[in-house]
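Protein sequence lines correspond, in order, to chains A and B. Be aware that the first sequence starts at 0, since it is given in numbering that gives the first Met the number 0, and climbs by one per residue. Be aware that the second sequence starts at 0, since it is given in numbering that gives the first Met the number 0, and climbs by one per residue. Below is one structure; the comments refer to it alone.
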Amino acid sequence: MADDGIPTWEEVARTHGRFLYTVAYRLTGNDDDAQDLVQDVLLRVRRGLETYRPGSLEGWLSRITTNAFLDDVRRRRRRPLDALPDDPDRAVPPAVAADETSAAESISDEVQAALTRLPDEYRAAVVLCDVVGLSYEEIGEALGIPVGTVRSRIHRGRRQLREALA
Amino acid sequence: MSGSDGRFMGASGPGDGSVGAAGHAAEALSALLDAQLAPADEHLVRAHLAGCPACAAELRQVEMARSWVRGLPPVDPPSGFYERLLDTPRRRRWAVASLAAAAAASVAFVGVLPAREAPVKPAVATLIRTHAVTASVDGDPVSQLATAGVPVSFRP
């Protein structure tokens, strides 16, 4: 730890490397993007850009990771965030054809594939809830959205996952 | 990481309305699963569930999706990933050093290459003639036979 209590990026990598990579992988769905995302997170940690609140290093890291992920998504996306469809029955993007999924042998691969096809904001909420284990309130703080929106994104995300994997 | 231990879970729920306008629990169902409802709201939702097969079915659906994501295993980074990130300055020095060594080696190789391909001087024929002229007949039985035009045989 540095004098101010903020973990150095080396400490983060050594003690929470696997956790950090897991969150990055679940958000991005592939190794290349997960590696880029982790690098981005460690860079933010090193530059001291993120406010550290002692108590939950994993919560802090997952917040940085999710925001770095969503920043990147928004940079790539031309339309603004409020274009996110709010219709709960919004069509799920078509699933990968059967012959392509035969390569995905494990259930985990299929769940990850369905997760990756969720709208990014839904996926971020679901990952923070079910992979990291944050409360709705913590997720709302991390993403800068009201708790009611957290609840709705998690529920819709789960419904779409269930439909995709039916 | 999460799991059933719920150590990141907050104790208090959001406390806002939980039964939707259409009279169904809807999005409160996930919050119910996650223990994120205020006690009063949880009571309302459970009461609704008891008499609403549609919401009970939806609860089972999202519960399944929830368990799938929670069951995803941790993911290990590729071997040496963090080491490469953390050791970047040292590795860069090492890379520069080995690049310089490789460059020096290739220069040396290029320098040697034309010499190997250049004609040998003096020519092999000249060397043989010199050998034949200067070789000691007494000390060298092969030369002795060669100068005499006798086929060489190594059989005893």
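Every residue, glycine too, gets a C-beta built ideally from N, C-alpha and C.
For residue i, report the span of its alpha helix (DSSP H) as first-last.
i      : result
C54/B  : 52-69
E26/B  : Here E26/B belongs to no alpha helix (DSSP H), and DSSP marks it neither H nor E.
V40/A  : 30-45
R76/A  : Careful: R76/A lies outside any alpha helix (DSSP H) and carries neither H nor E.
T115/A : 106-116
Y20/A  : 8-27
Y51/A  : Segment: none, Y51/A is in no alpha helix (DSSP H) and carries neither H nor E.
A46/B  : 38-49
Apart from the five residues just before and just after residue i, which ones in its own chain have a Cβ nearer than 8 Å to its Cβ?
i      : result
L160/A : V110, A113, L114, L117, V125
V61/B  : L28, S29, L32
W59/A  : E49, Y51, R52
F68/A  : A23, L26, T27, L36, D119, A123
I63/A  : V40, R43, V44, E49
V131/A : V22, E57, G58, S61
G50/B  : none
Leaving out five residues on either side along the sequence, give the residues of the same chain with a beta carbon under 7 Å from the beta carbon of residue i.
i      : result
L127/A : S61, T65, L133, I138, A141
V146/A : Y135, E136, G139
A114/B : Its pLDDT being 44, under 50, A114/B is placed unreliably by the model, and the measurement read from it follows with that caveat. The answer is none, since no qualifying residue turns up.
D173/A : The structure shown does not extend to residue 173/A, since chain A spans only 0 to 165, so no value can be given for it.
L56/A  : P6, H15
D108/A : none
A102/A : Only weak support is given to the placement of A102/A: the predicted model assigns it a pLDDT of 43, under 50, and the value that follows is read from those uncertain coordinates. Here the set comprises nothing.
Where does residue i land, buried or exposed, given buried means 16+ other C-beta within 10 angstroms?
i      : result
E82/B  : exposed
H47/B  : buried
D129/A : buried
G156/A : buried
H154/A : buried
L84/B  : buried
A39/B  : exposed
G110/B : Low confidence applies here, because G110/B scores a pLDDT of 46, under 50, leaving its location unreliable; read the following figure in that light. Burial call: exposed.
G2/B   : Note that G2/B scores 35 on pLDDT, short of 50, meaning its location in the model is unreliable; the coordinates nonetheless yield the value given after this. Exposed: under 16 other Cβ atoms inside 10 Å.
L19/A  : buried
S66/B  : exposed
L42/A  : exposed
Q75/A  : Per the sequence presented here, residue 75/A reads as Arg, with Gln not at that position. R75/A comes out exposed.
T7/A   : exposed
S105/A : exposed
S151/A : buried
R46/A  : exposed
P73/B  : exposed
S76/B  : What sits at residue 76/B in the sequence shown is Pro, not Ser. Classification for P76/B: buried.
Can you name, in chain order, every residue of its own chain whose Cβ lies under 6 Å from the Cβ of residue i, other than the five neighbours on each side?
i      : result
D119/A : V72
M58/B  : Residue identity differs from the one stated: residue 58/B is Leu in this sequence, not Met. Taken in chain order, the residues that qualify are L28.
L164/A : A113
I5/A   : Y51
N29/A  : none
If the cut is a Cβ gap below 8 Å, which residues of chain D does residue i touch?
i     : result
R65/B : In the structure shown, chain D does not exist; the protein chains are A and B.
Subject >> 4 or more residues per run - each alpha helix (DSSP H) lying fully within the region 125-163 of chain A >> reply: Given a length threshold of 4 residues, each whole run of the alpha helix (DSSP H) inside the region 125-163 of chain A is given here in chain order: 135-142, 146-163.
Original post:
Taking three-plus beta-carbon pairs below 8 Å as touching, is the region 146-157 of chain A in contact with the region 35-44 of chain A?
Top reply: They do not touch, by the three-pair rule.
Original post:
Is the number of C-beta pairs between the region 12-30 of chain A and the region 51-66 of chain B that are closer than 8 Å three or more?
Top reply: Per the Cβ contact rule, the region 12-30 of chain A is not in contact with the region 51-66 of chain B (fewer than 3 Cβ pairs under 8 Å).
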